[in-house]
Every structure is written in C-alpha cells, then in structure tokens.
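Participant: Numbering-wise (our numbering), the sequence shown opens with residue 24 and increments by one. Ideal Cβ placement from N, Cα and C applies to all residues, glycine included. Have a look at the structure that comes next, please.
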Amino acid sequence: MKTVITALIVFFVLTVIVAVSVLNRKETKPWIPALKETTFHYLDDRVVKASELTNNLLINAKGNSLIRSDAEAIAGILTELHAYYIPLTEVRELVYDSDRCYFLGKIGLANDKLSSARKLVLKMVRKETPGVNKTLEGLIMMLDNQIVALRDSSTAVSYNFKELGNRVNLMLLKGELILSDNHFDTTFHKK
24 MKTVITALIV FFVLTVIVAV SVLNRKETKP WIPALKETTF HYLDDRVVKA SELTNNLLIN
84 AKGNSLIRSD AEAIAGILTE LHAYYIPLTE VRELVYDSDR CYFLGKIGLA NDKLSSARKL
144 VLKMVRKETP GVNKTLEGLI MMLDNQIVAL RDSSTAVSYN FKELGNRVNL MLLKGELILS
204 DNHFDTTFHK K
C-alpha cells in the first residue's frame, strides 16, 4: 500500500510539473531584425580630419626625417581606412541588410541595398590600385549576379547572400594582403 501511495504522489508531482511547463511554454517566432539605415560617415569624417592633421605634420616636418617617415606611414594607413576599409565595411552592412530584407519579404528594399552596395564598390575603383580593382571587379560581379537573382526570384538567392557576405568579410580580413602591392594617393579631398 505504501508503494502505491508513493507512486501516486510521484505521478501527481510529475503531472503538475508537465502541466506547469506546458502552460509556461511560449509560442516561438522567428527573429525579425530591426532595419536601420547604417552609414559610416561619422568615422570617415574623423579619418579625413586625422589625414588633414597628418598632412600638416608632413609639411611642418621637412627637416626631421623620423617625424616625416612616421607621418607618411600614418597618412598611408588613414588613406587605406578612407579608401578601402570604411567603404567596404559599409558594403558589408548593406549586403547583410539586404539579406535581412529578403528574409522579411521586402525584395525591393533588398535590391535597393544591393544597388547601393554596388555603387559604393564602384566608387572604390581607382587608377592607382589595379590589384585592388581586380578584387573589386569580382565583388561587383557577385553583386550584379545577386541583383539579377533577386529580380528573377532565383532559388540561389539565399546561397548567393551567404557567398557574398563571405566574400566581403574575407576582403576585409585579408585587406592588408590585398592592399600590399597598391599605393593610394594620400592627398585627401573634402567631399
């Protein structure tokens, strides 16, 4: 009899636990990301300002080769930030935002973001950086293919977004290697 009472108590406790967990379970919904306009103008403006200060330092350091050498190195790094890393980071953000828009069924907005990314990449092409240009041309081709895939409702859209995101990330991570044989004009012009 004692075993039966213990079994009934255990059964009752388990039933209560299961009932409470069922009642507390919430319906799961897919994560819907917040879409915000993202730009990096604030960062780019600071780089341009730092470059102007570096150019002033170069002008004033005519007699000091050590200061001049350091200022030239700083000017080169700032130019790389301005001409490559910041715009490419913005391209990456636009590609990710486009993917989010596609997931949410906002195909037109997804296409607009890809088109904006393409325009930014086209602005990055420079005469003095043929090695970088070759890499950028590959990215432009991928963006063009994705724009067409979106327009045609291709089954490859999701896969293309993954590959496009990977390509941009790799270009950012391997930027030093991509830029190694290229030299940007370190003269900054205000926008």
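On the three-state DSSP scale, how would you describe K150?
Facilitator: It is coil, neither helix nor strand.
Participant: Would the beta-carbon of H105 fall within 8 Å of that of D67?
Facilitator: Yes. Within cutoff.
Participant: Applying the 10 Å Cβ sphere with the 16-neighbour rule, what's the burial state of N79?
Facilitator: By the neighbour-count rule (16 or more Cβ atoms within 10 Å), N79 is not buried but exposed.
Participant: So, with DSSP's three-state summary, where would you put T112?
Facilitator: Helix at T112.
Participant: May I have the straight-line CA-CA distance separating M194 from K185, to the nearest angstrom?
Facilitator: Each residue's alpha carbon lies about 14 Å from the other.
Participant: Verify whether the separation of the beta carbon atoms of L111 and E95 is less than 8 Å.
Facilitator: No, the Cβ-Cβ distance between L111 and E95 is not below 8 Å.
Participant: Given this structure, state the Cα-to-Cα distance separating I201 from I40, to the nearest angstrom.
Facilitator: Near 59 Å, if we compare the C-alpha coordinates of I40 and I201.
Participant: In the DSSP assignment, find the alpha helix (DSSP H) that holds Y182 and state where it starts and stops.
Facilitator: V180 to L196 is the extent of the alpha helix (DSSP H) around Y182.
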